[in-house]
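Residue 1 is where the sequence shown starts when you use UniProt numbering, and the numbers rise one by one after that.
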Amino acid sequence: MIPPNESFFGALQKKGVSRRRFIKFCTAMTATLALPSRYVAQVASALEKTKKPVLVWLQFQDCAGNSEAILRSSHPSVLEVVLDLLSWEYHEIIMAGAGHQAEAALQRVVKEEKGKYLAVVEGAIPLADDGVYCTVAGKTALSIAKEVCSNASATIAAGACAWYGGLVAASPNPTGAVGISEAVPEATVVNLGGCPQNPANTAAVLVHYLTFGELPAMDQYNRPLFAYGRIIHDQCERRAHFDAGRYTQEWGDEGHRKGWCLYKMGCKGPEATFNCPSVRFNDGTSWPVKAGHGCVGCGSYNFWETRSPFYDRLPNVPGFGADVTAGKIGIGITAAVAGATVVHGIASAIRDRMRTAPGPEKH
Ligand code: SF4
Numbered sequence: 001m002i003p004p005n006e007s008f009f010g011a012l013q014k015k016g017v018s019r020r021r022f023i024k025f026c027t028a029m030t031a032t033l034a035l036p037s038r039y040v041a042q043v044a045s046a047l048e049k050t051k052k053p054v055l056v057w058l059q060f061q062d063c064a065g066n067s068e069a070i071l072r073s074s075h076p077s078v079l080e081v082v083l084d085l086l087s088w089e090y091h092e093i094i095m096a097g098a099g100h101q102a103e104a105a106l107q108r109v110v111k112e113e114k115g116k117y118l119a120v121v122e123g124a125i126p127l128a129d130d131g132v133y134c135t136v137a138g139k140t141a142l143s144i145a146k147e148v149c150s151n152a153s154a155t156i157a158a159g160a161c162a163w164y165g166g167l168v169a170a171s172p173n174p175t176g177a178v179g180i181s182e183a184v185p186e187a188t189v190v191n192l193g194g195c196p197q198n199p200a201n202t203a204a205v206l207v208h209y210l211t212f213g214e215l216p217a218m219d220q221y222n223r224p225l226f227a228y229g230r231i232i233h234d235q236c237e238r239r240a241h242f243d244a245g246r247y248t249q250e251w252g253d254e255g256h257r258k259g260w261c262l263y264k265m266g267c268k269g270p271e272a273t274f275n276c277p278s279v280r281f282n283d284g285t286s287w288p289v290k291a292g293h294g295c296v297g298c299g300s301y302n303f304w305e306t307r308s309p310f311y312d313r314l315p316n317v318p319g320f321g322a323d324v325t326a327g328k329i330g331i332g333i334t335a336a337v338a339g340a341t342v343v344h345g346i347a348s349a350i351r352d353r354m355r356t357a358p359g360p361e362k363h
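In structure tokens form, the structure reads like this:
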């Protein structure tokens with residue numbers, strides 16, 4: 001952590017992070033935020049001067065996948081920079097303190113940093129039976145969330161479970177699990193959907209907050225538009241195969257080995273929004289479709305219910321009838337396919353030109 005009298009960049013230099021690597025991080029964050037490159041200097045300048053805000057990371061009904069995602073980041077990038085940008089005061093799986101000592105640290109933040117600290121919530125919050133299905137230090141997750149998040153300047157819901165309950169809230173939802181916005185309606189929340197969320201997006205939200213003093217623009221689900229503003233299908237590297245009618249018909253077939261479109265294998269990319277194709281996971285290495293599996297729409301609201309069965313083909317793709325195209329290819333009506341592909345291409349072009357803002361995701 002940075003001593004109070006030391007600049008953020010000075011601390012990074014002491015850790016061997018060169019200015020070049022720091023600027024590279026700022027450039028990556030600016031790109032993730034979908035800001036023009038001229039903002040790189042502003043981001044770098046703001047981060048260099050920033051006073052570290054305090055951050056607490058709460059874990060409730062979760063698998064720790066979102067913590068793992070951010071802790072596995074490399075570069076000077078996400079983990080190193082974010083850890084140094086913020087005074088990380090409480091995070092169950094990484095903090096040295098334990099027991100009463102750890103809980104005292106959380107209480108100190110709530111009392112002494114009231115209205116100034118940031119909270120990250122990972123996992124769902126059970127409401128059934130007075131919240132007994134998740135307790136930490138003898139307190140229910142609900143009471144902790146109410147105390148911590150209602151006094152935070154902003155709360156980041158990291159992952160599907162913290163957003164709306166995720167897998168934990170899937171039917172029949174025996175613990176009455178909900179997300180942080182429902183549990184603590186008075187909290188200021190930005191939802192980072194995904195299973196897990198992408199740590200680059202978490203870092204970008206924090207960088208935006210530190211650079212501009214406010215949370216980024218959000219959609220109707222309080223998800224940041226820079227990450228959830230575009231349909232995956234429109235960003236996918238397999239899109240040319242979709243447009244040309246080249247589909248994987250079964251796992252391991254020639255089309256699958258050649259990287260053809262996974263629409264027929266149940267890919268939900270045509271209905272889901274997320275920036276996976278551009279940001280990718282594991283420091284930009286890959287994302288599910290690149291790795292050969294269809295998108296399951298994990299960044300969508302209630303995806304365990306609304307996007308399953310994950311391997312069933314979408315019954316139709318709104319706006320351009322690709323289902324018809326794919327079906328016709330399947331039974332070999334070549335002429336019809338050629339016509340449909342042309343019509344689809346025209347419809348896609350018109351749709352892309354008309355799209356100025358993302359429409360609501362289908363539930
Ligand atoms: S259907 Fe899926 S694999 Fe095919 S282009 Fe769209 S997002 Fe990519």
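Glycine included, each C-beta is placed from N, C-alpha and C at the ideal position.
Excluding residues up to 5 positions away in sequence, Trp304 and Glu305 lie with their Cβ nearer than 7 Å to the Cβ of Ala170 in the same chain. Residues Met265, Gly266 and Gly294 of the same chain have their beta carbon placed closer than 8 Å to that of Tyr311, with the five preceding and five following residues left out of the count.
DSSP lists Val121 as the bridge partner or partners of Leu58. In this structure, Cys298 has its CB at a distance of at least 7 Å from all heavy atoms of the ligand SF4. Going by DSSP, Glu92 is part of no alpha helix (DSSP H) at all; its letter is neither H nor E.
For Thr306, there is no enclosing beta strand (DSSP E); the enclosing alpha helix (DSSP H) has its first and last residue at Phe303 to Thr306. The three-state secondary structure of Ala183, taken from DSSP, is helix. Proximity of the beta carbon of His233 to the ligand SF4 is indicated: a heavy atom of the ligand is located closer than 7 Å.
Measuring C-alpha to C-alpha distances from Gly179 to each of Ile70, Ala160 and Pro172 identifies Ala160 as the nearest. The Cβ-Cβ distance between Val121 and Ala158 falls below 8 Å. Counting only residues of its own chain and dropping the five nearest sequence neighbours on each side, Leu215 has a CB closer than 8 Å to the CB of Ala154, Thr188, Val190, Val205, His208, Tyr209 and Pro224. Proximity of the region 105 to 118 to the region 28 to 39 falls short of the contact definition, fewer than three beta-carbon pairs being nearer than 8 Å. Within the model, the alpha-carbon separation for Ala119 versus Thr135 is close to 18 Å. Between Gly194 and Gly299 a beta carbon distance of about 5 Å is seen, short of the 8 Å cut, so the two are scored as contacting. Residues Phe226 of the same chain have their beta carbon placed closer than 7 Å to that of Ala34, with the five preceding and five following residues left out of the count.
Classified as buried, Arg307 has 16 or more neighbouring CB atoms from the shown chains inside 10 Å of its CB. Taking the Cα of Trp57 as reference, the smallest distance to any Cα among Gln249, Ser37, Ser73 and Ser87 is reached at Ser87.
One alpha carbon belongs to Ile232, the other to Gly259, and they sit about 16 Å apart. Residue range Arg19 to Thr32 is occupied by the alpha helix (DSSP H) that includes Ala28. Within the region 184 to 209, complete beta strand (DSSP E) segments of at least 3 residues are found at 189 to 192, given in chain order. A contact is defined here as three or more CB-CB pairs under 8 Å, and the region 105 to 112 fails this definition with respect to the region 35 to 52.
Secondary structure note for Ile70: its alpha helix (DSSP H) is the uninterrupted segment Gly65 to Leu71. Glu271 counts as buried, since at least 16 other C-beta atoms from the protein chains shown sit within 10 angstroms of its C-beta.
By the beta-carbon neighbour count (other beta carbons within 10 angstroms, threshold 16), Pro277 is buried. Taking C-beta atoms under 8 Å as the contact rule, Ser150 and Glu186 qualify, at a distance of about 5 Å. Across the structure, Pro174 and Gly65 are spaced so that their CA atoms are roughly 22 Å apart.
As the crow flies, the alpha-carbon of Arg19 is around 19 Å from that of Ala203.
According to the DSSP assignment, Ala158 belongs to the beta strand (DSSP E) that extends over Ala154 to Ala158.
Annotated three-state conformation of Ala272 is coil, per DSSP. Rounded to the nearest whole angstrom, the CA to CA distance from Tyr228 to Lys51 is 29 Å. Remark: the C-beta of Val289 is in contact range of the ligand SF4, defined as less than 7 Å to any heavy atom. Relative to the ligand SF4, the nearest heavy atom lies less than 7 Å away from the CB of Tyr263.
Between the ligand SF4 and Gly294, a heavy atom-to-CB distance of less than 7 Å is present.
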